[in-house]
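Comments concern the structure below.
Number of protein chains: 2
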Amino acid sequence: MQFHHKGYVSGDPRLSDAAGSGLVRPEELPAEVDVLIVGSGPAGMLLAAQMSQFPEVTTRVVEKREGRLAIGQADGIQPRSVETFQAFGFAERIIAEAYNIAYMNFWGPDPENPRNIVRTSRTEDYGLRISEFPHLIVNQARVLDYFAEAAANGPGRIGLDYGVEFVGLTVHEDGEYPVEVRVRHLVEGWPGEERTVRAKYVVGCDGARSGVREAIGRKHLGEVSLHAWGVMDVLVNTDFPDWRTKCAINSVAGNILHIPREGGYLSRMYIDLGEVAGDDNHQVRQTPVEAIIAKANEILHPYSIEVKEVAWHSVYEVGHRVTDRFDDVTEGTERAPRVFLTGDACHTHSAKAGQGMNVSMQDGFNLGWKLGLVLSGRSPESLLSTYTEERQPVAQQLIDFDRKWSALMARKPEEISDPQDLATHYLATAEFPSGFMTHYGTSAIVGDAAHQALAPGFPLGMRFKSVGVVRVCDGNVVHLGHHAKADGRWRVYAFADAPGDGLSEWASWLGTSDSPLTRFTPSDADVDAVFDVKAIYQQSYKDVDITAVPDIFLPKTGRFGLTDWEKVYAAGANGWTEADIFTQRELSRDGVVVVVRPDQYVAAVLPLTATAELTDFFSRSMIPAR
Amino acid sequence: MQFHHKGYVSGDPRLSDAAGSGLVRPEELPAEVDVLIVGSGPAGMLLAAQMSQFPEVTTRVVEKREGRLAIGQADGIQPRSVETFQAFGFAERIIAEAYNIAYMNFWGPDPENPRNIVRTSRTEDYGLRISEFPHLIVNQARVLDYFAEAAANGPGRIGLDYGVEFVGLTVHEDGEYPVEVRVRHLVEGWPGEERTVRAKYVVGCDGARSGVREAIGRKHLGEVSLHAWGVMDVLVNTDFPDWRTKCAINSVAGNILHIPREGGYLSRMYIDLGEVAGDDNHQVRQTPVEAIIAKANEILHPYSIEVKEVAWHSVYEVGHRVTDRFDDVTEGTERAPRVFLTGDACHTHSAKAGQGMNVSMQDGFNLGWKLGLVLSGRSPESLLSTYTEERQPVAQQLIDFDRKWSALMARKPEEISDPQDLATHYLATAEFPSGFMTHYGTSAIVGDAAHQALAPGFPLGMRFKSVGVVRVCDGNVVHLGHHAKADGRWRVYAFADAPGDGLSEWASWLGTSDSPLTRFTPSDADVDAVFDVKAIYQQSYKDVDITAVPDIFLPKTGRFGLTDWEKVYAAGANGWTEADIFTQRELSRDGVVVVVRPDQYVAAVLPLTATAELTDFFSRSMIPAR
């Protein structure tokens with residue numbers, strides 16, 4: 036964590052200095068805003084936290100609820116989401132309070148007495164070593180709390196406008212604030228009063244019944260199945276030995292997906308209520324919790340649960356829907372989008388793969404920096420078209436994955452030929468639900484694969500997978516990727532050639548007027564304001580002489596022009612890192628430049644000599660600042 | 036982290052339910068309190084956080100400052116202190132913001148050109164693997180912030196009474212509140228007004244010029260040397276390559292102890308100002324910061340610093356003092372103590388070994404649970420006599436260590452025969468400054484060594500050194516010691532014999548009227564209210580059938596009588612723990628019971644069969660509850 040570069044200040048370093056719109060933030064929703072976020076779920080709150088890093092932009096979040104969410108429904112947190120939390124500064128805190136999934140166990144009918152269930156296999160979840168981050172279960176309400184804190188503590192000081200309901204919107208063809216939004220105040224001041232807010236951009240984070248989606252005429256395509264599930268968060272006493280382990284339970288009486296929750300006592304159970312009649316008309320949703328508990332006990336036989344408290348329960352039919360497009364642009368027209376959809380507003384599915392909240396947050400992460408760069412004048416409006424291009428295929432993949440997983444989970448024992456196949460499928464597909472299989476195609480912000488061979492371990496369009504390195508200034512072993520905060524900056528990692536001459540030449544070029552650093556960084560801004568450039572040497576840290584490192588990697592920034600010592604790393608393994616990043620990520624020993632987007636996706640892989648290509652790459656999505 | 040056992044509650048799990056004195060906490064300092072803490076430094080604030088876990092006790096903290104400390108002087112945090120922070124629930128947060136000491140480097144005169152300094156050696160600090168916790172540098176103000184949060188969030192909801200100055204006290208021979216304390220309000224309400232507070236116990240955490248020490252007539256013995264040091268926290272630009280590494284610099288011009296601070300920019304420098312004249316009369320303390328900076332530049336030659344901001348600076352002569360006794364009892368009398376001294380109030384020394392704040396906090400940790408158990412009626416007053424018995428020798432060891440370290444640090448180059456000897460001394464003594472060499476003698480709360488051979492890796496009287504184990508209920512690898520929160524409870528770790536029959540017999544006995552569990556736990560309290568009993572099996576976690584574990588290790592507690600699943604562990608190593616705790620701590624494979632005090636010190640080591648001895652041990656410091 037870096038701070039004090041503006042001078043010594045006592046206090047919580049997680050609280051940034053207010054700036055721009057964060058300096059004077061009107062209590063009342065202003066008549067004109069740059070970004071209006073509708074809804075404060077996971078996508079909306081990540082977006083709020085991200086926009087708080089762009090204090091030059093005025094962002095407001097309207098939420099019809101009167102206050103903080105008390106009981107959230109989502110709870111599964113992929114490693115990719117924890118990685119994202121790290122970038123927003125609260126990973127270590129949420130890990131400390133969450134349930135950590137170490138194993139997933141599978142139960143099926145006892146072959147000798149099929150009325151009883153027996154454990155058929157255990158799969159070690161974190162043994163997969165997919166990520167340095169764990170797979171967690173924690174209530175959505177806590178995730179929102181942490182993002183709210185990040186939004187409030189960022190320079191934009193973004194808070195929530197509670198008790199404000201979205202009514203409708205109209206996108207005008209011109210004007211500085213072309214989106215006219217009608218909202219209704221539900222509480223405080225003017226209950227029931229409707230008013231208009233003009234916005235440059237509106238983001239619909241308003242859930243499965245999204246009013247924003249309806250207002251822009253998007254269609255939510257798909258269907259609800261005739262298979263119903265009950266879900267409950269319960270405190271129980273039980274003789275079931277895996278109460279604190281995630282389990283898929285398949286029994287002659289039906290199926291349970293069992294997920295222990297944070298705190299050591301509470302667990303969530305998804306209980307298969309079976310097929311519903313075609314003319315049921317959602318009557319199944321009235322199933323009382325006592326019936327769900329009874330069904331759970333039938334499935335768990337010979338074990339049983341004695342429910343002491345039901346914290347929350349619900350009944351739903353599995354549905355899978357994706358919206359036809361995630362913004363307000365008509366196919367074939369050239370206009371940049373003004374309205375966006377995220378999360379459940381554009382993709383809904385079953386809860387059982389534990390994906391919804393995670394994919395929603397990545398929607399927000401994908402969109403946030405783009406809005407920030409466009410509104411702060413660093414990128415053209417066209418950048419915003421990449422949002423739907425990138426996120427719609429991800430939503431479709433999610434739906435396909437979830438449909439398959441839901442179907443596998445809902446089978447009857449006689450439909451299962453191999454009792455291990457659910458476990459096998461779980462292991463084989465683990466990277467997808469971990470959140471690491473998103474792969475964006477070539478675009479203005481994902482370069483072509485011409486030089487991918489220089490860094491096969493950093494596939495273009497996929498998220499930058501961190502490795503431990505040694506920080507040269509102090510010898511600390513740190514994860515290279517964890518230094519990349521969600522501050523809207525591009526990262527440029529310069530992996531050095533062995534002698535280092537290539538790197539030095541590249542560093543000299545970076546200071547010339549041809550370089551993206553010079554071209555796209557405002558002349559009155561710090562040299563690292565737009566691009567965060569780091570050097571990683573092949574040598575061990577003791578063999579890197581920090582006084583001989585090119586100045587560009589030791590930039591002087593802030594009020595005092597103080598040297599930033601934390602941009603120079605050594606790959607050389609020591610007792611505390613088994614891995615040399617060059618080996619681990621198969622990096623060329625002749626050096627390679629890896630460009631990473633503000634949302635942590637690998638955007639370009641280039642040799643140190645490909646300077647013109649690097650400038651060209653950024654020219655496609657950035658506006659010269661000088 | 037365990038929560039929700041009282042039912043589902045949305046919100047920050049770090050906030051406990053208020054109870055007892057925390058339910059209604061008067062704004063104004065009451066006329067009668069159980070514990071009055073004077074001063075809010077590291078010892079006082081740890082004590083406040085600890086007492087907040089005893090809501091049946093009324094505790095207040097008076098502090099003459101008007102509000103939060105903004106600039107603290109101490110900054111060195113031993114691994115033992117981080118271990119303590121873990122028990123108070125904020126280790127992961129303070130680690131994230133602190134400077135982590137990876138290396139200590141040593142510099143001396145260049146043999147070829149003695150006017151220049153050169154790096155003579157590097158020692159890998161965390162390579163010593165003394166603890167699973169790091170060695171940190173972070174401002175005292177932040178440590179106090181976190182303890183203040185823990186005090187405010189605990190069931191006792193303890194806040195600070197700012198602007199209240201200690202004036203004097205009288206210890207009366209009788210009465211329920213025998214200590215009469217005179218305080219003066221400096222701000223708010225009644226500035227300058229003196230009033231009296233009656234307390235059962237008073238703790239002087241009021242620093243080197245302690246008024247409490249003076250009031251009880253204790254003598255602060257020792258002397259101030261004639262060697263002066265300047266100290267400054269500075270933001271600089273420099274060509275000195277180790278600006279971000281802890282260094283001891285020995286040059287012909289003098290000595291520097293250089294300590295990087297949190298945030299990546301700030302560093303602290305202790306600069307040797309040399310011997311002062313015998314008749315100096317502290318004139319050296321007027322040395323201007325410019326002179327200290329000039330001296331630093333002389334010592335650093337050929338490197339130099341350009342100071343951009345001085346966050347804090349001071350000049351002091353090295354002094355070493357220990358108070359003759361840490362409580363108000365006259366040697367030879369039988370009365371239990373009523374007034375205690377902690378931290379700088381009873382031991383002062385140089386800052387350079389980075390010990391002061393750490394030893395002060397351990398003073399508080401040692402005293403807190405004793406006050407809590409005595410005031411809640413679980414232990415006799417005599418327990419309080421062990422405070423000075425245990426902590427005074429520790430203070431003396433600290434003074435001896437610091438005197439040696441200070442002298443080594445203040446040498447002239449010509450006094451150094453072996454240029455490596457400072458590094459060698461640093462490495463050889465590393466466990467002491469890490470905080471792990473405290474060794475309490477046999478007493479009512481440290482058993483005798485008759486059975487120490489059953490667990491040589493848990494030496495009696497030393498702090499319980501944790502090892503990773505597997506939690507049976509969910510397969511998570513966790514540190515056994517990290518489950519022991521600073522909640523005032525005794526821990527009883529039952530390490531099982533291989534077949535487990537011995538453990539089962541011991542568990543059955545624990546339920547009988549002979550056992551300490553029955554004898555010392557109030558009949559209306561949860562079975563784990565006083566003793567937190569855990570079982571650790573030798574088998575791997577997959578081979579432990581949790582449904583066959585004795586009930587006593589799966590206690591049902593709280594409003595709903597919910598099963599606590601987190602007291603059963605398996606030692607068997609898996610891919611994520613290299614160490615089997617039986618091997619690592621040399622535990623008898625026939626089983627062994629290890630008793631650990633609420634402040635994490637090993638108190639007893641007994642075979643599973645020594646049931647009478649276990650009851651006897653607790654009888655020496657506890658009062659039967661039934």
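Sequence lines, in order, name chains A and B.
For what it's worth, the working numbering labels the leading residue of the first sequence as 36, then goes sequentially.
For what it's worth, the working numbering labels the leading residue of the second sequence as 36, then goes sequentially.
All C-beta atoms in this analysis are idealised placements derived from N, C-alpha and C, irrespective of residue type, glycine included.
All figures in this text were calculated on a predicted structure; none of them were measured in a lab.
- D268 of chain A reaches chain B at Y43, counting residues in chain order whose Cβ is nearer than 8 Å.
- T592 of chain B and F566 of chain B have their C-alpha atoms some 13 Å from each other.
- Only W278, R279, T280, P295, R296, E297, G298, G299, Y300, L301 from the region 278-303 of chain A bring a Cβ to less than 8 Å from some Cβ of chain B.
- Taking 8 Å as the cut-off, the beta carbon of N272 of chain A is found no closer than this to the beta carbon of A445 of chain A.
- If you draw a straight line from the Cα of N174 of chain A to the Cα of H39 of chain B, it comes to about 12 Å.
- Of all residues in the region 576-590 of chain B, only K577, D580, I581, T582 come within less than 8 Å of chain A when Cβ atoms are compared, listed by chain position.
- The region 539-551 of chain B makes no contact with the region 571-581 of chain B: fewer than 3 CB pairs, one atom from each, lie closer than 8 Å.
- Per DSSP, reduced to three states, the secondary structure at Q432 of chain A is helical.
- For a Cβ distance threshold of 7 Å, residue set A137, Y138, T280 of chain A lies close to G510 of chain B, ordered along the chain.
- The secondary-structure analysis by DSSP pairs E621 of chain B with nothing; it has no beta-bridge partner.
- Secondary structure at N290 of chain B: strand, using DSSP grouped into helix, strand and coil.
- In this structure, G299 of chain A lies away from W264 of chain B, with their beta-carbon atoms at least 8 Å apart.
- As the crow flies, the alpha-carbon of V237 of chain B is around 17 Å from that of Y197 of chain B.
- Less than 8 Å separates the beta-carbon of V319 of chain A from that of E352 of chain A.
- The Cβ neighbour count for T231 of chain A, taken over all protein chains shown within 10 Å, is under 16; the residue is labelled exposed.
- For A346 of chain B, a Cβ of chain A is located within less than 8 Å of the residue's own Cβ.
- Below the 7 Å Cβ cutoff, chain B contributes E127, R128, A131 as neighbours of E127 of chain A, in chain order.
- Straight-line measurement puts the Cα of F555 of chain B at about 7 Å from the Cα of R661 of chain B.
- The three-state secondary structure of K330 of chain B, taken from DSSP, is helix.
- Look at the region 39-99 of chain A and you find these whole runs of alpha helix (DSSP H), each 4 residues long or longer: 77-86.
- In the structure shown, the three-state DSSP call for T650 of chain B is helix.
- Fully contained in the region 356-385 of chain A are the following beta strand (DSSP E) runs of length 3 or more, in chain order: 374-376.
- In the three-state reduction of the DSSP assignment, S395 of chain B falls in the helix class.
- Under the three-state reduction of DSSP, F588 of chain B is assigned to helix.
- In this structure, the beta-carbon distance from L649 of chain A to V628 of chain A falls below 8 Å.
- Under the rule that a run must span 4 or more residues, the alpha helix (DSSP H) segments found entirely inside the region 189-252 of chain A read 246-250.
- Judged by pairs of C-beta atoms under 8 Å, the region 120-128 of chain A does not touch the region 436-451 of chain A, as fewer than three such pairs exist.
- F168 of chain B and I130 of chain B have their C-alpha atoms spaced approximately 9 Å apart.
- If you draw a straight line from the Cα of T280 of chain B to the Cα of G354 of chain B, it comes to about 27 Å.
- A84 of chain A sits away from G239 of chain A, with the two beta carbons spaced by 8 Å or more.
- Taking a beta-carbon distance threshold of 8 Å, N272 of chain B counts as an interface residue toward chain A.
- With contacts defined as CB atoms closer than 8 Å, V92 of chain B and L410 of chain B qualify as a contacting pair.
- Residues of the same chain with a CB within less than 7 Å of the CB of A105 of chain B, apart from the 5 flanking positions on each side, are A176 in chain order.
- About 6 Å separates the beta carbons of N135 of chain A and L171 of chain A, which is inside the 8 Å limit, making them a contact pair.
- Within chain A, the residues whose beta carbon sits less than 9 Å from that of T598 of chain B are V271, N272, T273, W278, Y300, listed in sequence order.
- T205 of chain B and Y212 of chain B have their C-alpha atoms some 11 Å from each other.
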